[in-house]
Structure formats: structure tokens, C-alpha cells
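**Student:**
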Amino acid sequence: MKADTALAVSGVRVSFPDGRHERVVLDRLDLEIAAGELVVVSGQSGAGKSTLLAVAGLLRRPDSGEVTIAGISARGLSQRQRTALRRDHIAFVYQSANLLPSLTAIEQLELVGHIHRERSTEARRRALALLDEIDMADRADQLPSQLSGGERQRVGIARALMATPSVLIADEPTASLDPARAEVVTNLLAAAATKHAIATLVVAHDTIALDRANRHLILDAGRLREVGS
Amino acid sequence: MFLALRDLRRGARRFMLLGVVIALVAVLSTVLSGLATGLVTDGISGLRALPFEHLAFQRGADATFSRSTLRPAALEKFEALSGVEATEVGSSFVNAASMDGGPSLDLALFGLSADSFLVERPEARAALADTPGLVLASELRDEGVEVGDRYSLGGSNLVLPVVGFTFAGTYGHAPIAFTSLATWQQIQFGSGADGRYSAIALRGGSNDALDAAASATETDVLTKEAAFGGSPGYTAETTTMSLIRGFLLVISALVIGAFFTVLTVQRTRQIGLLKAMGASNGYVLRDGIGQMAILVSAATLGGVAIGCALVLAVGRTKAPVELNVASVATVALSLIVAGVGGSLVAFRRVTQIEPAIALGVEP
Ligand SMILES: Nc1ncnc2c1ncn2[C@@H]1O[C@H](COP(=O)(O)OP(=O)(O)OP(=O)(O)O)[C@@H](O)[C@H]1O
Ligand SMILES: [Mg+2]
Chain C
139 MKADTALAVS GVRVSFPDGR HERVVLDRLD LEIAAGELVV VSGQSGAGKS TLLAVAGLLR
199 RPDSGEVTIA GISARGLSQR QRTALRRDHI AFVYQSANLL PSLTAIEQLE LVGHIHRERS
259 TEARRRALAL LDEIDMADRA DQLPSQLSGG ERQRVGIARA LMATPSVLIA DEPTASLDPA
319 RAEVVTNLLA AAATKHAIAT LVVAHDTIAL DRANRHLILD AGRLREVGS
Chain F
3 MFLALRDLRR GARRFMLLGV VIALVAVLST VLSGLATGLV TDGISGLRAL PFEHLAFQRG
63 ADATFSRSTL RPAALEKFEA LSGVEATEVG SSFVNAASMD GGPSLDLALF GLSADSFLVE
123 RPEARAALAD TPGLVLASEL RDEGVEVGDR YSLGGSNLVL PVVGFTFAGT YGHAPIAFTS
183 LATWQQIQFG SGADGRYSAI ALRGGSNDAL DAAASATETD VLTKEAAFGG SPGYTAETTT
243 MSLIRGFLLV ISALVIGAFF TVLTVQRTRQ IGLLKAMGAS NGYVLRDGIG QMAILVSAAT
303 LGGVAIGCAL VLAVGRTKAP VELNVASVAT VALSLIVAGV GGSLVAFRRV TQIEPAIALG
363 VEP
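Going down the list, the sequences are from chains C and F.
The opening position of the first sequence corresponds to residue 139 in this note's numbering, with each subsequent residue numbered one higher.
The opening position of the second sequence corresponds to residue 3 in this note's numbering, with each subsequent residue numbered one higher.
1. Reducing DSSP to helix, strand and coil, say where residue 97 of chain F ends up.
2. Looking at C-beta atoms only, is the number of pairs between the region 299-318 of chain C and the region 223-239 of chain C that lie closer than 8 Å three or more?
3. Rounded to whole angstroms, how far is the Cβ of residue 243 of chain F from the Cβ of residue 38 of chain F, which I believe are closer than 8 Å?
4. With 16 as the cutoff for other CB atoms within 10 Å, does residue 255 of chain F come out buried or exposed?
5. So if I threshold CB-CB distances at 7 Å, which residues from the region 211-243 of chain F count as touching chain C?
6. Is residue 365 of chain F close to chain C? Criterion is C-beta to C-beta, closer than 8 Å.
7. Got a sec, what are the start and stop residues for the beta strand (DSSP E) residue 123 of chain F sits in?
8. Residues bridged to residue 236 of chain F by DSSP?
9. Just to confirm, is the Cβ distance from residue 258 of chain F to residue 344 of chain F under 8 Å?
10. Counting only runs that start and end within the region 29-80 of chain F, where is the beta strand (DSSP E) found for 3 or more residues in a row?
11. I want to see whether chain F comes within less than 8 Å of residue 157 of chain C, judged by CB atoms only; does it?
12. Please report how far the alpha carbon of residue 284 of chain C lies from the alpha carbon of residue 313 of chain F, in whole angstroms.
13. Which residues in the same chain have their Cβ closer than 6 Å to the Cβ of residue 186 of chain F, if we skip the five residues on either side of it in sequence?
14. Does the Cβ of residue 67 of chain F have 16 or more other Cβ atoms within 10 Å, making it buried, or fewer, making it exposed?
15. Based on Cα-Cα distance, which residue from F:35, F:13 and F:180 lies nearest to residue 96 of chain F?
16. Let me make sure I understand the geometry here. Which of F:269, F:127, F:294 and F:174 has the alpha-carbon closest to that of residue 50 of chain F?
17. For residue 277 of chain F, verify whether its CB is less than 7 Å away from any heavy atom of ligand 1.
18. Would you please state the rounded distance, in angstroms, between the beta carbons of residue 295 of chain F and residue 342 of chain F? I believe it to be under 8 Å.
19. By the 8 Å beta-carbon criterion, what residues does the region 248-275 of chain C contribute toward chain F?
20. Could you tell me the boundaries of the beta strand (DSSP E) in which residue 160 of chain C lies?
21. DSSP state of residue 145 of chain F, grouped into three classes?
22. Just to check my reading of the structure: residue 182 of chain F and residue 130 of chain F have Cβ atoms closer than 8 Å, yes? What is that Cβ distance to the nearest angstrom?
23. On the DSSP bridge assignment, give the partners of residue 108 of chain F in chain order.
24. Between residue 1 of chain F and residue 268 of chain C, is the Cβ-Cβ spacing less than 8 Å?
25. When you measure from the CB of residue 333 of chain C to every non-hydrogen atom of ligand 2, does any distance come out below 7 Å?
26. Using only alpha-carbon positions, find the residue among F:4, F:10, F:260 and F:30 that is nearest to residue 253 of chain C.
27. Does ligand 1 have a heavy atom nearer than 7 Å to the CB of residue 193 of chain C?
28. In three-state terms, what does DSSP make of residue 365 of chain F?
29. Between which two residues does the alpha helix (DSSP H) containing residue 356 of chain C stretch?
30. Quick check on DSSP: helix, strand or coil for residue 202 of chain C?
31. In chain order, what residues of the same chain lie with their CB nearer than 7 Å to the CB of residue 176 of chain F, ignoring the 5 residues before and after it?
32. To the nearest angstrom, report how far apart residue 165 of chain F and residue 321 of chain F are at their CA atoms.
33. Within 10 Å of its beta-carbon, does residue 140 of chain C have 16 or more other beta-carbons around it, so buried, or fewer, so exposed?
34. Provide the residue(s) that pair with residue 177 of chain C in DSSP beta bridges, ordered along the chain.
35. What are the uninterrupted segments assigned as alpha helix (DSSP H) that are 4 or more residues long and contained completely in the region 266-338 of chain C, given in chain order?
Shown next as C-alpha cells:
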């Protein structure tokens with residue numbers, strides 16, 4: 139493992155029961171992402187991309203193998219310890235922004251501060267700064283129902299950054315946006331990865347994402363294969 | 003409860019229905035509590051006001067005056083105990099028909115001797131010692147009965163004048179009335195009373211000494227509270243009220259439990275999201291149950307306030323309702339506890355939600 143590796147997945151295997159047999163979705167899979175690196179993974183539907191993200195984000199335990207986040211191995215941790223590790227080092231961006239309907243844009247971010255037991259004045263200050271970074275400071279008090287799809291997704295990214303993560307995981311964050319808005323969102327993710335030195339793992343298929351990526355991997359038959367160089 | 007408070011504020015309409023149901027249960031519980039307190043007062047306030055500590059009834063009389071007849075020998079045994087004051091009490095329900103064309107009265111008539119420790123005020127002693135007459139509960143004065151009015155007492159051919167009024171009190175839902183023990187004996191037994199009376203009122207003395215005297219005289223010695231049970235309807239009324247209030251508590255716990263379970267199911271994805279963000283089970287539970295606690299407390303307090311207003315309004319009529327701060331507080335508190343307890347049924351449902359569903363993958 140290199141010194142600046144923020145996310146390391148090694149020898150991970152995940153299988154699901156499939157009738158009388160079992161279906162191996164991830165098969166002795168390895169992946170390392172350095173701080174500040176943007177890695178895009180693509181692959182056919184059902185290839186196991188979301189499953190990989192769930193394992194890498196400590197949302198599901200693999201059958202075997204090891205996931206290491208910011209130098210801390212998640213193997214053998216209790217559920218409670220995994221939750222704490224996730225809270226302190228991992229953030230997610232979802233396909234639909236997954237905002238909480240009863241919170242305004244800034245409160246979506248402040249909630250992260252609350253979960254992290256941050257002082258509320260400090261949380262508010264950082265939340266405003268992050269909204270400003272995504273050009274949404276003037277929409278801080280809008281509810282999700284008052285925002286467009288692209289705006290929601292931008293708030294979703296700001297919310298992920300609010301957690302000051304070592305690892306950011308995004309599952310098809312632009313799939314429901316038109317190309318122009320998709321480009322804005324992808325640029326934001328790429329800029330955040332560099333600026334905040336976040337190891338970023340994105341599932342995407344579009345050319346803009348592939349363009350911004352430091353590396354492009356294809357998930358096929360349970361393994362990751364590097365494309366180009 | 004960062005999320006819970008904002009969710010309550012911005013989603014108020016979703017919580018309205020539950021709030022109204024809980025408030026109505028609280029109104030009903032408060033009114034019932036007022037009725038229960040009122041009925042107790044109406045049932046035994048006359049007896050409660052008398053300054054005794056125990057009552058001795060004929061064995062097996064079940065604290066009921068009409069089933070208990072004692073003889074002078076029993077009284078002597080209790081009087082012989084040191085530190086014990088003992089006095090005969092005659093008690094029966096009588097109908098008093100006005101000789102002056104007024105309405106007839108149902109009375110809980112007590113016969114006391116003028117030197118009894120139960121008779122504390124000098125003018126009351128004088129009233130009982132003089133020529134036979136009736137001392138009535140003061141509320142009858144408010145109904146137009148006056149000193150000097152004459153009443154024929156049912157079951158005897160005795161006619162007695164009203165000689166005065168005493169405190170407002172009832173027993174078995176009838177206003178109390180006092181007369182001398184001798185007069186009561188004449189009403190009850192005619193000329194063959196033979197010194198008989200209903201029960202012995204006692205003050206002072208150790209439980210052991212009273213128990214010994216009780217077995218020697220074949221009587222049951224009961225505390226004042228236990229003696230209330232003999233008031234007609236008292237036990238049935240209090241158990242019915244407790245039963246209804248218990249049911250209301252169970253109903254509100256179930257309603258809140260069901261609501262919170264549905265809410266949790268609706269929020270499954272949101273809870274998964276919170277957990278993916280690193281919120282612990284404790285965080286999510288505090289938020290959800292805290293939200294229910296706030297909602298239930300607000301609705302309950304609102305309902306209790308309305309209930310109290312209703313009780314006070316109804317209390318101006320002659321209905322037997324009465325506000326008792328302690329029992330209203332108990333109603334409010336137990337409703338809130340039942341509500342929060344009810345929401346615990348979703349405890350496992352919350353803790354079992356997997357954070358992975360936030361990504362849309364089944365774990
Ligand atoms: N809980 C589960 N039980 C059984 N099979 C599952 C479960 N979760 C995922 N699978 C299977 O694992 C495979 C990979 O699923 P996954 O969601 O990771 O695919 P994906 O690459 O993200 O697909 P898509 O591009 O459509 O989102 C699929 O065949 C899916 O049916
Ligand atoms: Mg997927």
C-alpha cells in the first residue's frame with residue numbers, strides 16, 4: 139500500500155445466493171485510491187458496481203477480503219466502530235440527491251455537523267462556505283422541493299464535503315441530469331477531489347467523467363480492469 | 003433532535019391527525035379524572051370529614067353501615083383500651099318528607115351522641131343535646147331548606163325540625179344529616195332499640211390493641227380509606243373509572259405505536275441515509291422517539307387544558323366533577339409515558355435498517 143493511499147480494497151469477494159448455486163459478483167477484487175485521486179468505474183448493468191461502492195463505503199461487509207480507510211482496517215470492527223469510521227472518513231453522493239425533504243439546503247449540511255457533534259456556529263459557518271463553493275449560497279434557505287435536479291445534486295456534493303471525508307463515493311451522480319448540468323456536477327467532484335485531497339470513487343459512464351478521471355476502471359466478471367493509462 | 007424539530011415544523015400537516023387524536027384522548031382522560039374525583043367526593047366526603055381514624059363494623063358487614071349492628075358491650079371493650087377514643091355511630095339512608103309542602107330529601111343520616119369526639123364544635127354539641135332535630139349539610143340550605151322546616155322521616159312516625167346546618171358533605175351520593183344517637187335509634191328501631199347502633203368510630207390506639215379488641219368483640223376494624231369501600235357504588239365507580247382510564251392509556255400507546263411504525267417504514271430510506279452518514283442507532287432513535295415525545299407532550303398538554311376547562315365549566319352545574327391537580331398531572335404524565343412507550347415498538351425496526359439501502363442496494 140502506498141503512503142498516500144486513502145482507500146484500499148484487497149481480495150474482496152461478494153456473492154449472492156442464486157437458486158441452488160451462488161453468484162459471485164466481486165471476485166478477489168483489488169483497488170487502491172490515493173488522496174486527491176479521482177477514479178471512475180464503469181461496467182455493464184448488474185456487473186456489481188453499486189455492490190463495490192457499498193463494500194468500499196463500509197455499507198456492507200464482504201464475504202472475505204479487507205477494506206482499509208485512511209490507514210484503518212475495517213476488518214474485525216464492530217458495527218458501531220464501522221459506523222464511526224464511516225462518519226469520520228467516508229461520504230456519499232447518490233444518483234438522486236437523496237436530500238431530506240424537511241431540511242433547507244444549508245440545514246442538509248448542518249445536519250452533518252450535528253451528527254459529527256460539531257459546534258452549531260462552526261457548522262453553519264462551514265456550511266455557508268461550502269454552499270458558496272458550489273455557487274448555491276443564495277439558495278441556502280430553499281427546501282429540496284424548491285430546487286432543480288442539478289441544484290439538488292450540487293447540494294448533495296456540498297453535503298458530502300461537509301463531512302471532510304478522506305474518501306468520497308458517488309454512484310452515478312449525473313445519471314439523471316442533462317449533459318450541461320452533468321458537466322457542472324462532474325467538474326465539482328473533480329475540483330473537490332483535488333482541493334480537499336479526497337480519494338474519490340465514482341461510478342459513471344459519460345465521457346465528461348472519463349475525461350476528468352485520473353484513472354478509468356471497468357468492472358467485469360468480478361474484477362477491475364484498467365482502461366488506457 | 004436537529005432533524006425531528008424541523009420535520010415537525012415543516013411537516014406539521016402530517017402530524018396533525020395524530021396530534022388531534024392524542025389531544026382528544028387527553029381531553030377524555032382529564033374529564034374522566036374530574037368525574038372520578040367528583041364521584042369520590044360525592045360518595046364519601048361526609049364520612050371523610052369526620053375526625054376518626056378507624057371504624058369497627060359487625061364482622062362480615064363489609065364496611066356497610068346498613069349491614070352492621072353492634073351492641074353496647076362492644077363499645078365498652080374499645081373504650082377500655084388505653085389511648086383510644088371510641089364512640090357509637092348510627093347510620094342509615096332515610097327519606098325525609100317535608101311537612102311544609104317543600105321537596106322531600108334523601109339523606110345519609112348519622113346518629114351521634116352529643117359528647118362524642120366526632121362532634122367538635124360547641125354549637126353542634128348543643129344542637130344534638132337539645133330537643134330532637136336534624137342538622138343538615140349546608141348545601142341543602144342553598145336549595146331553600148330553612149331552620150324550622152319540619153320533616154317526617156320515612157319508616158317511622160317521627161317528625162323532626164331542622165335545627166341547623168353543618169359542613170357540606172355527602173355519603174353514598176346523598177347529603178349528610180346529623181341527629182342525636184337516641185333519635186336515630188328511635189327512627190331505626192322504634193322503642194326496642196336496646197342501645198343498638200351501626201359501628202364504632204375510633205381514634206388513637208395501636209393496630210395490635212385494636213385487632214385484639216376486634217376479635218374479642220367479633221368486629222372488623224377498618225381504616226378510614228377502607229371504610230369508604232362500603233359507600234354505595236364507591237368501589238364500582240372507582241374501579242370503572244380506573245378501568246376506562248387504563249384503556250385510554252393502552253389505546254393511546256397503541257395508536258402512537260402504530261403511527262410511529264408506519265412513519266418508520268415510510269422513512270426507511272431516510273434512516274438508511276442517516277446511518278450511511280455515520281449516525282448511530284442511538285442518534286436515529288433519539289431523533290424519532292424524541293419527535294414522538296414532543297408531539298405527544300404538546301398534544302397531551304393541549305388536551306388536558308381543554309379538559310380542565312370543560313370540567314370547570316361543567317362543575318358550575320350540580321354535576322359531580324372536581325379538578326384535582328395531582329390526578330390531572332398523573333393523567334398528563336401517564337399519557338406521555340404511554341405514548342413514548344408505544345413508540346418503542348418500532349425500536350427494532352429502526353435498528354435493523356441497513357445503511358446500504360441509501361445506495362439503493364439491498365444488503
Ligand atoms: N441483496 C441481493 N441479493 C441478491 N442479489 C443481489 C443483491 N444485491 C445485488 N444483487 C445482484 O448483484 C449483482 C450486482 O448488483 P449491483 O447493484 O452491484 O449492480 P450494478 O453494477 O450497480 O448495476 P446497475 O448499473 O444496474 O446499477 C446484480 O446481478 C444483482 O442482481
Ligand atoms: Mg448500481
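We put the beta carbon where it would ideally sit given N, CA and C, even for glycine.
**Tutor:** Taking the geometry as given:
1. Strand at residue 97 of chain F.
2. Three or more Cβ pairs closer than 8 Å define a contact, and the region 299-318 of chain C meets that threshold against the region 223-239 of chain C.
3. About 4 Å; that satisfies the 8 Å criterion.
4. By the beta-carbon neighbour count (other beta carbons within 10 angstroms, threshold 16), residue 255 of chain F is buried.
5. Residues of the region 211-243 of chain F with a C-beta less than 7 Å from any C-beta of chain C: none at all.
6. Low confidence applies here, because residue 365 of chain F scores a pLDDT of 46, under 50, leaving its location unreliable and the question unanswered by this model.
7. Here residue 123 of chain F belongs to no beta strand (DSSP E), and DSSP marks it neither H nor E.
8. Beta-bridge pairing links residue 236 of chain F to no other residue.
9. It is a contact, given that the beta carbons lie within the stated cut-off.
10. Runs of the beta strand (DSSP E) spanning 3 or more residues and lying entirely within the region 29-80 of chain F occur at 56-60, in chain order.
11. Cβ-Cβ to chain F under 8 Å: no for residue 157 of chain C.
12. Residue 284 of chain C and residue 313 of chain F: Cα-Cα distance of roughly 47 Å.
13. Take residue 186 of chain F, set aside five residues on each side of it, and the residues of its chain with a beta-carbon closer than 6 Å to its own are 92 and 113, in chain order.
14. By the Cβ-count criterion, residue 67 of chain F is buried, with 16 or more other Cβ atoms from all chains shown falling within 10 Å of its own Cβ.
15. The residue with the shortest Cα to Cα distance from residue 96 of chain F is F:180.
16. Checking every option, the nearest Cα to that of residue 50 of chain F belongs to F:174.
17. No.
18. Confirmed, about 5 Å.
19. Correct list: 248, 249, 250, 252, 253 and 254.
20. Membership of residue 160 of chain C in the beta strand (DSSP E) is indicated by the continuous run 159-172.
21. The DSSP-derived three-state label of residue 145 of chain F is coil.
22. The Cβ separation is near 5 Å, so the contact holds.
23. In the DSSP output, where bridge partners are listed per residue, residue 108 of chain F has F:97.
24. With chain F running from 3 to 365 in the structure shown, residue 1 of chain F is simply not present.
25. Not one heavy atom of ligand 2 sits closer than 7 Å to the Cβ of residue 333 of chain C.
26. Comparing Cα-Cα distances from residue 253 of chain C to each of F:4, F:10, F:260 and F:30, the minimum goes to F:4.
27. Residue 193 of chain C Cβ: outside cutoff for every heavy atom of ligand 1.
28. Note that residue 365 of chain F scores a pLDDT of 46, beneath 50, so its modelled location is shaky; the value from the coordinates is reported in the next line. Shown here, residue 365 of chain F sits in coil according to DSSP, grouped into three states, outside any helix or strand.
29. Segment 353-358 is the beta strand (DSSP E) holding residue 356 of chain C; no alpha helix (DSSP H) there.
30. For residue 202 of chain C, the secondary structure class from DSSP, reduced to helix, strand or coil, is strand.
31. Around residue 176 of chain F: 95, 108, 109 and 110.
32. Cα-Cα distance, rounded: 28 Å.
33. Under the 10 Å beta carbon count, residue 140 of chain C is surrounded by fewer than 16 other beta carbons and is classified as exposed.
34. Beta-bridge partners of residue 177 of chain C (DSSP): C:339 and C:353.
35. Correct list: 287-300 and 317-334.
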